[in-house]
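> Residue numbers (my numbering), protein chains in the order written: chain L, 15 to 276; chain H, 133 to 337.
Starting off with a structure, shown below.
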Amino acid sequence: MSGSEGRQGTPIDPPWSVDLLADLHAGVLDAETDALLRPRVEADPDARAVLEALDATLADLSALPPIPMPRDVALRIDAALAAEAQGVPAPVVSLNSARQRKYKRVGWGASVLVAAAAAVGVFAVVIPNMSNHTEGAQSAFPQPTQSRSAQPPAATQAPADEKPGLTVKGQNFGPIIGDVLKMQNYGPLDNQETLDGCLKGGNIQASKPLGVSPIQLDDQSAVMAILAGGRGPGSFRIVVLDPDTCGPDNPNGVLADTVMAG
Amino acid sequence: MTAAASSDADLISAHAAGDPHAFPEIVRRHRDRLWAVALRTLRDPEEAADALQEAFISAFRAAGSFRAESQVTTWLHRIVVNACLDRMRRRQTKPTVPLPEAGPGEPVAPRDHMAERETRLVVAAALAELPEEQRAPIVLVDVEGYSVAETAQMLGIAEGTVKSRCARGRAKLAKSLGHLRNRSADANVPVDGVNVQQQRQREAR
Chain L
15 MSGSEGRQGT
25 PIDPPWSVDL
35 LADLHAGVLD
45 AETDALLRPR
55 VEADPDARAV
65 LEALDATLAD
75 LSALPPIPMP
85 RDVALRIDAA
95 LAAEAQGVPA
105 PVVSLNSARQ
115 RKYKRVGWGA
125 SVLVAAAAAV
135 GVFAVVIPNM
145 SNHTEGAQSA
155 FPQPTQSRSA
165 QPPAATQAPA
175 DEKPGLTVKG
185 QNFGPIIGDV
195 LKMQNYGPLD
205 NQETLDGCLK
215 GGNIQASKPL
225 GVSPIQLDDQ
235 SAVMAILAGG
245 RGPGSFRIVV
255 LDPDTCGPDN
265 PNGVLADTVM
275 AG
Chain H
133 MTAAASSDAD
143 LISAHAAGDP
153 HAFPEIVRRH
163 RDRLWAVALR
173 TLRDPEEAAD
183 ALQEAFISAF
193 RAAGSFRAES
203 QVTTWLHRIV
213 VNACLDRMRR
223 RQTKPTVPLP
233 EAGPGEPVAP
243 RDHMAERETR
253 LVVAAALAEL
263 PEEQRAPIVL
273 VDVEGYSVAE
283 TAQMLGIAEG
293 TVKSRCARGR
303 AKLAKSLGHL
313 RNRSADANVP
323 VDGVNVQQQR
333 QREAR
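Have a look at this one:
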């Protein structure tokens, strides 16, 4: 160390580089050099101006306002977490039969069943073209081992812009919910207007989907839309449409309609 | 358990014990701040939303093994920041999308005057120009107000590294924001640097 240098060759007399002054300002320098340099810097108008500029920069940064999460993103994340939580086996009931039970008020037994189902989330499945086959329990989502181990976070998978084709067998939507939630790809439906028409055909009221993507449903080209469920945080609705036939006047264009309570 | 009255650590424990309401409550508590971090780090709302979704799912799965060696917020931030950094590394060649400072959800305060909004845009744009290794610590320390120690934990780097990256980033910002006038004696100040402060003063006239 010479008479004009601090530790590691730090100059203790002006002029000082902006980087060195920024280091001093940020507390990067060792205590000895800091103590040696600071009074000299304070006594130098040019150096003091740099410190003031750095203070002004900090003030600008700290004045940036909070940015609340947009509602659609919050809903989407609630839905993704609800889907993840549904990795546990959940009772599945037909939406039609659930409605019938609601109106018939069949007594405490059904209430307990519904309450128990609600505690872990309920999948209510309606398949317009297959309604006779969906009465009773049929798992619409994968078992926990499938959901949790077969689908690690997308961050560790392929890049976001290189999505593999999304394929569903039966009503096993669980593995692709997270991917569809990240997409706004109307595919053969082209746009929101066409989607709205197809949803209208199924008597489904919805605003912009949380996620929408072309999928292969049992080797058939389809479009899957995830809609805000309106049953509280985390609830959402999965609708799968046949892009070749769906429209405002065709309820049969809705291939699947699944409501999930958060 | 009354979720609203519980600490974050209690909620993590409740989540691990199977309480389905615990983790969503943690997310609701911290999502605005984490959204701001993700958005300011990635500069792209779609990417930020994807990163947050991935991060929250990762946290949901890993929460059972959370140990109270750090705060829940620090742990969550670390997961979010890592998800953001992963995305930044993957998209290095892709251009960023301008951040809509006044986009959906952005509050419009009564004192939200035009000049203030312009200043925010200038600051946000300058922030976006920083190299990612400087932008992340600047966002956490200088914008979000986390300590150097917390930020070091979140980013998985030494405290001294956080300080020096902040110092480099602040020096660049001071120049690009026009707080730092060109000085002939200082080779580190670019001669052709845009003096945004002067530009803003001209625009205000």
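Virtual Cβ for every residue (Gly too), placed ideally from N, Cα, C.
Just verifying my parser: in three-state terms, what is the DSSP assignment at L/VAL42?
Looking up residue 42 of chain L in the first sequence gives position 28. L/VAL42: coil per DSSP, three-state reduction.
> Between the Cα of H/PHE198 and those of H/ALA148, H/VAL255, H/ARG252, spot the shortest distance and give me the residue it belongs to.
Against the second sequence, residue 198 of chain H aligns to sequence position 66. Of the candidates H/ALA148, H/VAL255, H/ARG252, the residue whose Cα lies closest to the Cα of H/PHE198 is H/ALA148.
> Hey, H/VAL275 and L/LEU78 are a contact pair by Cβ (cut 8 angstroms); roughly how many whole angstroms apart?
Within the second sequence, residue 275 of chain H is the residue found at index 143, counting from 1. Within the first sequence, residue 78 of chain L is the residue found at index 64, counting from 1. Contact holds; Cβ gap of about 5 angstroms.
> Which chain L residues are close to H/VAL275, counting only those with a beta carbon under 8 angstroms from its beta carbon?
Position 143 of the second sequence, counted from the first residue, corresponds to residue 275 of chain H. LEU75, SER76, LEU78, listed in chain order.
> So, at 6 angstroms on beta carbons, what are the nonlocal neighbours of L/GLY41 in its own chain, with the 5 sequence-adjacent residues on each side left out?
Translated into positions along the first sequence, residue 41 of chain L becomes position 27. None.
> Is there at least one Cβ from chain H nearer than 7 angstroms to L/PRO265's Cβ?
Here residue 265 of chain L corresponds to residue number 251 of the first sequence, with the count starting at 1. Chain H contact via Cβ: absent.
> Using a cut-off of 7 angstroms between C-beta atoms, extract the partners of L/THR71 located in chain H.
The residue you call residue 71 of chain L lines up with position 57 of the first sequence. Contact note: L/THR71 reaches chain H through ARG302, LEU305, ALA306, LEU309, HIS311, using a C-beta cutoff of 7 angstroms and chain order.
> Using a Cβ-Cβ cut-off of 7 angstroms (strictly less than) and excluding sequence neighbours within five positions of L/SER190, which residues of its own chain qualify?
For the purposes of this step, residue 190 of chain L is taken as the residue at position 176 of the first sequence. According to the sequence provided, residue 190 of chain L is Ile. The question's Ser does not apply to it. The residues are LEU180, VAL182, ILE229.
> Measure the Cβ-Cβ separation of H/THR206 and H/GLN266 and say whether it is below 7 angstroms.
What you label residue 206 of chain H is simply residue 74 of the second sequence in a count that begins at 1. What you label residue 266 of chain H is simply residue 134 of the second sequence in a count that begins at 1. No, they are not a contact pair.
> Report the three-state DSSP secondary structure of H/ALA258 (helix, strand or coil).
Position 126 of the second sequence, counting from 1, holds the residue named residue 258 of chain H. Helix at H/ALA258.
> Residues of chain L with a CB under 8 angstroms from the CB of H/PHE192: which are they?
Within the second sequence, the letter at position 60 stands for residue 192 of chain H. By Cβ distance, chain L contributes LEU95, GLU98, ALA99.
> On the CB-based measure, 16 or more other CB atoms within 10 Å of its CB, does L/MET197 come out buried or exposed?
Taking the first sequence and counting its residues from 1, the one referred to as residue 197 of chain L is at position 183. Flag for L/MET197 reads buried.
> Based on DSSP bridge pairs, tell me the residues matched to L/PRO257.
In the first sequence, residue 257 of chain L corresponds to position 243, counting from 1. Answer by DSSP bridge pairing: none, since L/PRO257 is not bridged.
> Which stretch, first to last residue, makes up the alpha helix (DSSP H) that contains H/ILE211?
By 1-based counting over the second sequence, the position of residue 211 of chain H is 79. First-last of the alpha helix (DSSP H) with H/ILE211: 204-222.
> Could you please give the first and the last residue of the uninterrupted alpha helix (DSSP H) stretch that includes H/ILE189?
As a first step, residue 189 of chain H is located in the second sequence; it is residue number 57 there, counting from the start. Note, H/ILE189: alpha helix (DSSP H), 177-194.
> Within the continuous alpha helix (DSSP H) that includes H/ALA310, where are the two ends?
Looking up residue 310 of chain H in the second sequence gives position 178. Note on identity: in this sequence residue 310 of chain H is Gly, with Ala being the wrong assignment. Element bounds for H/GLY310: n/a, residue is neither H nor E.
> Nearest CA to the CA of H/ALA187: which residue from H/ALA258, H/ARG300, H/ALA141, H/TRP167?
The residue labelled residue 187 of chain H in the question sits at position 55 within the second sequence. Of H/ALA258, H/ARG300, H/ALA141, H/TRP167, the residue nearest in Cα terms is H/TRP167.
> Against H/SER296, what residues of chain L qualify as contacts under a CB-to-CB distance less than 8 angstroms, listed in chain order?
Indexing the second sequence from 1 puts residue 296 of chain H at position 164. Within chain L, the residues near H/SER296 are ASP37, ALA40, VAL42.
> Under 8 angstroms Cβ-Cβ, which residues of chain L neighbour H/LEU262?
Position 130 of the second sequence, counting from 1, holds the residue named residue 262 of chain H. Simply none; closest approach about 11 angstroms.
> What does the alpha-carbon distance come out to for the pair L/ILE91 and H/ALA180?
Stepping through the first sequence from its first residue, residue 91 of chain L is reached at position 77. Stepping through the second sequence from its first residue, residue 180 of chain H is reached at position 48. Between L/ILE91 and H/ALA180, the C-alpha separation is close to 12 angstroms.
> Do H/PRO269 and H/THR283 count as a contact pair if the criterion is CB distance below 7 angstroms?
Along the second sequence, read from residue 1 onward, the residue named residue 283 of chain H stands at position 151. Along the second sequence, read from residue 1 onward, the residue named residue 269 of chain H stands at position 137. Cβ distance < 7 angstroms, so H/THR283 and H/PRO269 count as in contact.
> With a threshold of 7 angstroms between beta carbons, is L/THR25 in contact with chain H?
Stepping through the first sequence from its first residue, residue 25 of chain L is reached at position 11. Per the sequence presented here, residue 25 of chain L reads as Pro, with Thr not at that position. By this cut-off, L/PRO25 is not an interface position.
> Flag H/GLU335 as yes if its beta-carbon sits less than 7 angstroms from any beta-carbon of chain L, otherwise no.
One-based indexing of the second sequence puts residue 335 of chain H at position 203. Because the pLDDT at H/GLU335 is just 38, under 50, the model does not fix this residue reliably, and the point stays unresolved.
> Exposed or buried, what is H/SER139 when buried is set at 16 or more other beta-carbons lying within 10 Å of its beta-carbon?
Along the second sequence, read from residue 1 onward, the residue named residue 139 of chain H stands at position 7. The residue in question, H/SER139, is exposed, as its Cβ has fewer than 16 Cβ neighbours within 10 Å.
> Taking the DSSP output, what are the residues bridged to L/GLN198?
Your numbering for residue 198 of chain L matches position 184 in the first sequence. DSSP lists L/VAL226 as partners of L/GLN198.
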